[in-house]
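Colleague:
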Amino acid sequence: MVITNAAEVYDRQSELKALDESKTGVKGLVDAGLVKIPRIFIHEQHRRNKYSRAEAKSSIPLVDLRGIDEDANVRSRVIDQVRSACEKWGFFQVVNHGIPVNVLDEMLYGVRGFHEQDPEVKKQFYTRDFTNRKVIYNTNFDLYQAPSTQWRDTVTCVVAPQRPDPEELPAICREIILDYTVRVMNLGHVLFQLLSEALGLNLNHIKDMGCTEGLYLQGQYYPACPEPELTLGTSEHADSSFLTVLLQDQLGGLQVLHENQWVDVAPIHGALVINVGDLLQLISNDKFVSVIHRVLANNLAPRVSAACFFRTQLPPENSSRVYGPIMELISETNPPVYKETTVKDYVAQFFKKGLDGVSALEYLKL
Ligand SMILES: O=C(O)CCC(=O)C(=O)O
Ligand SMILES: [Fe+2]
340 MVITNAAEVY DRQSELKALD ESKTGVKGLV DAGLVKIPRI FIHEQHRRNK YSRAEAKSSI
400 PLVDLRGIDE DANVRSRVID QVRSACEKWG FFQVVNHGIP VNVLDEMLYG VRGFHEQDPE
460 VKKQFYTRDF TNRKVIYNTN FDLYQAPSTQ WRDTVTCVVA PQRPDPEELP AICREIILDY
520 TVRVMNLGHV LFQLLSEALG LNLNHIKDMG CTEGLYLQGQ YYPACPEPEL TLGTSEHADS
580 SFLTVLLQDQ LGGLQVLHEN QWVDVAPIHG ALVINVGDLL QLISNDKFVS VIHRVLANNL
640 APRVSAACFF RTQLPPENSS RVYGPIMELI SETNPPVYKE TTVKDYVAQF FKKGLDGVSA
700 LEYLKL
């Protein structure tokens, strides 16, 4: 039993278990017609309102990739923009990134299709086994660890370094996942080159460290919520990846913490949101920052997003390679800030904690 602030008594664990065992996630609750949100979803007010919302005019940088391979001046300007964005915001949006807008739309449509299909088909993918399975559908990967439950369901597909057998992927979005993730891998190579150059390193430095090898996609579904002000779609967190390529729909709700204020990431049709993850903050020795962000719940319509994380997910790919601050970035005046770690150990730490608004990098600080 748990005593809440309001001195109400409830059995949080049993409610979590019931949600888990339904295998139909938050969407299942909404489909059953609920009008008040269950207590497990209530996020404490002092956390939700800890920071104010920034003026609407403030927004994350926008970077236009057109011409970076043809014109050295354009490339060097873009590198400056990327460096500045990764140092100050940890986030930017890109346009002219090479992925056609109809592919982006189809990807979101595919994610929606997965979550809105017959629950009996969807249930076959329901699992919490992140170490053996390549397709993982569930609600809240950190359901049993996090202080509050998030108003979202997720389907995760691991697509690299090993390409999945198409038969393993959910039929309803199989083709678009295969197509979209190859394109994201290609864009990732471009971005990691720009990031390497922005750090003053050789073009392929980050790639040669193996940071671009692993990729998994998370198709998020945030059902419309009857009491959106009491909960969150995604809790405050920083990503555990090296880099994240996020495709959001037009509803909005994503917010980035910047100078102690929440800044809305306004949806731009055709653009992609790029953000620095913890592992890039670690190897860049704090030059680039992995910034806290969250997603608000809304009562208008289901929100859909597709986030691609550059990070290995399955052993043995992520087991032995050790990552620490890049030697070339270290000097007497800029000593290493972090201990070395493997991706496997880092992810274990990230999972153990759950999304609680504190960076998992803290435990690696020297
Ligand atoms: O759905 C979104 O827009 C972002 C979700 C997110 O931040 C994440 O899954 O790490
Ligand atoms: Fe995130």
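Residues 340 to 705 (this note's numbering) are what the sequence shown spells out, left to right.
The C-beta atom is built at its ideal place from N, Cα and C for all residues, glycine as well.
I'd like the span of the alpha helix (DSSP H) that includes Ile545, first residue to last.
Modeller: His544 to Asp547
Colleague: DSSP beta-bridge partners for Phe430?
Modeller: DSSP output for Phe430 lists Asn614 as bridge partner(s).
Colleague: What are the residues that DSSP puts in a beta bridge with His597?
Modeller: Gln600
Colleague: Please report how far the alpha carbon of Glu459 lies from the alpha carbon of Asp370, in whole angstroms.
Modeller: Whole-angstrom Cα-Cα distance: 14 Å.
Colleague: Using alpha carbons as the reference points, say which of Lys473, Ala499 and Glu552 lies closest to Glu506.
Modeller: Lys473
Colleague: Hey, would you say Gln594 sits closer than 9 Å to Leu635, going by beta carbons?
Modeller: Judged by beta-carbon spacing, Leu635 lies within the 9 Å limit of Gln594, meaning their Cβ atoms are closer than that value.
Colleague: Would the beta-carbon of Asn614 be found less than 8 Å away from any heavy atom of ligand 4?
Modeller: With respect to ligand 4, the structure shown offers nothing to examine, as its ligands consist of ligand 1 and ligand 2.
Colleague: May I ask you to report which of helix, strand or coil DSSP gives Arg650?
Modeller: Reduced to three states, the DSSP call for Arg650 is coil.
Colleague: In whole angstroms, what separates the C-alpha of Ser415 from that of Val628?
Modeller: Ser415 and Val628 have their C-alpha atoms some 21 Å from each other.
Colleague: Is the beta carbon of Tyr555 closer than 9 Å to that of Asn624?
Modeller: no
Colleague: How would you write the range of the beta strand (DSSP E) that His576 sits in, first residue to last?
Modeller: Thr573 to His576
Colleague: Please state the DSSP three-state secondary structure of Arg472.
Modeller: coil
Colleague: Pick from Cys647, Lys691 and Leu705: whose alpha carbon is nearest that of Val450?
Modeller: Cys647
Colleague: Quick check: the segment 594-613 against the segment 664-671, are at least 3 beta-carbon pairs closer than 8 Å?
Modeller: Segment contact: the segment 664-671 against the segment 594-613, fewer than three CB-CB distances shorter than 8 Å; contact not assigned.
Colleague: Grouping DSSP H, G and I as helix and E and B as strand, with all else coil, what is Ala510?
Modeller: Correct three-state label for Ala510: helix.
Colleague: Would Leu611 and Val442 be called neighbours here (beta carbons separated by less than 9 Å)?
Modeller: No, the pair does not count as a contact, with Cβ atoms beyond the cut-off.
Colleague: So is the beta-carbon of Asp547 under 8 Å away from any non-hydrogen atom of ligand 2?
Modeller: no
Colleague: Please give me, in chain order, every unbroken run of the beta strand (DSSP E) with length at least 3 that falls completely inside the segment 382-437.
Modeller: Scanning the segment 382-437 from its first residue to its last, the whole beta strand (DSSP E) runs of 3-plus residues come out as 401-403 and 430-434.
Colleague: Flag this pair as touching only if the segment 693-702 and the segment 575-587 have three or more C-beta atom pairs under 8 Å; answer yes or no.
Modeller: yes
Colleague: Between His382 and Leu368, what straight-line distance do the alpha-carbon atoms span, to the nearest angstrom?
Modeller: So the two alpha carbons sit approximately 18 Å from each other.
Colleague: Verify the contact flag: Leu611, CB atom, against every heavy atom of ligand 1, threshold strictly below 8 Å.
Modeller: No, ligand 1 has no heavy atom inside 8 Å of this Cβ.
Colleague: By Cβ distance below 7 Å, which residues in the same chain neighbour Arg467 in space, the five residues on each side in sequence not counted?
Modeller: Once the five neighbours on either side are set aside, the close Cβ partners of Arg467 are Asn477.
Colleague: Do you know how far the Cα of Asp617 is from the Cα of Pro674?
Modeller: 18 Å
Colleague: Is His597 near ligand 2, with its Cβ less than 8 Å from a heavy atom?
Modeller: Not a single heavy atom of ligand 2 lies less than 8 Å from the C-beta of His597.
Colleague: Which two residues bound the contiguous alpha helix (DSSP H) that contains Gln688?
Modeller: Val682 to Lys692
Colleague: Does the beta-carbon of Asp504 have 16 or more other beta-carbons within 10 angstroms, so that it is buried, or is it exposed?
Modeller: exposed
Colleague: Please say whether Ser644 and Leu585 have beta carbons closer to each other than 9 Å?
Modeller: Yes, the Cβ-Cβ distance between Leu585 and Ser644 is below 9 Å.
Colleague: For Lys683 and Val374, I'd like the C-alpha separation in whole angstroms.
Modeller: 41 Å
Colleague: Tell me where the alpha helix (DSSP H) around Leu368 begins and ends.
Modeller: It spans Gly364 to Asp370 - the alpha helix (DSSP H) in which Leu368 sits, taken as one unbroken run.
Colleague: Strictly closer than 6 Å from CB to any heavy atom of ligand 1: give me those residues in the order they appear in the chain.
Modeller: Gln557, Gln559, Thr573, Asp578, Leu585, Gln587, Leu593, His632, Val634, Ser644 and Ala646
Colleague: Going by C-alpha to C-alpha distance, which of Asp547, Ile399, Asn471 and Phe649 sits closest to Val421?
Modeller: Ile399
Colleague: My output table needs one value for Gln532: the three-state DSSP class, helix, strand or coil.
Modeller: helix
Colleague: Could you tell me which residues DSSP pairs with His608 in its beta bridges?
Modeller: DSSP lists no partner for His608.
Colleague: Any heavy atom of ligand 2 closer than 8 Å to the CB of Thr583?
Modeller: Yes - ligand 2 has a heavy atom lying nearer than 8 Å to the Cβ of Thr583.
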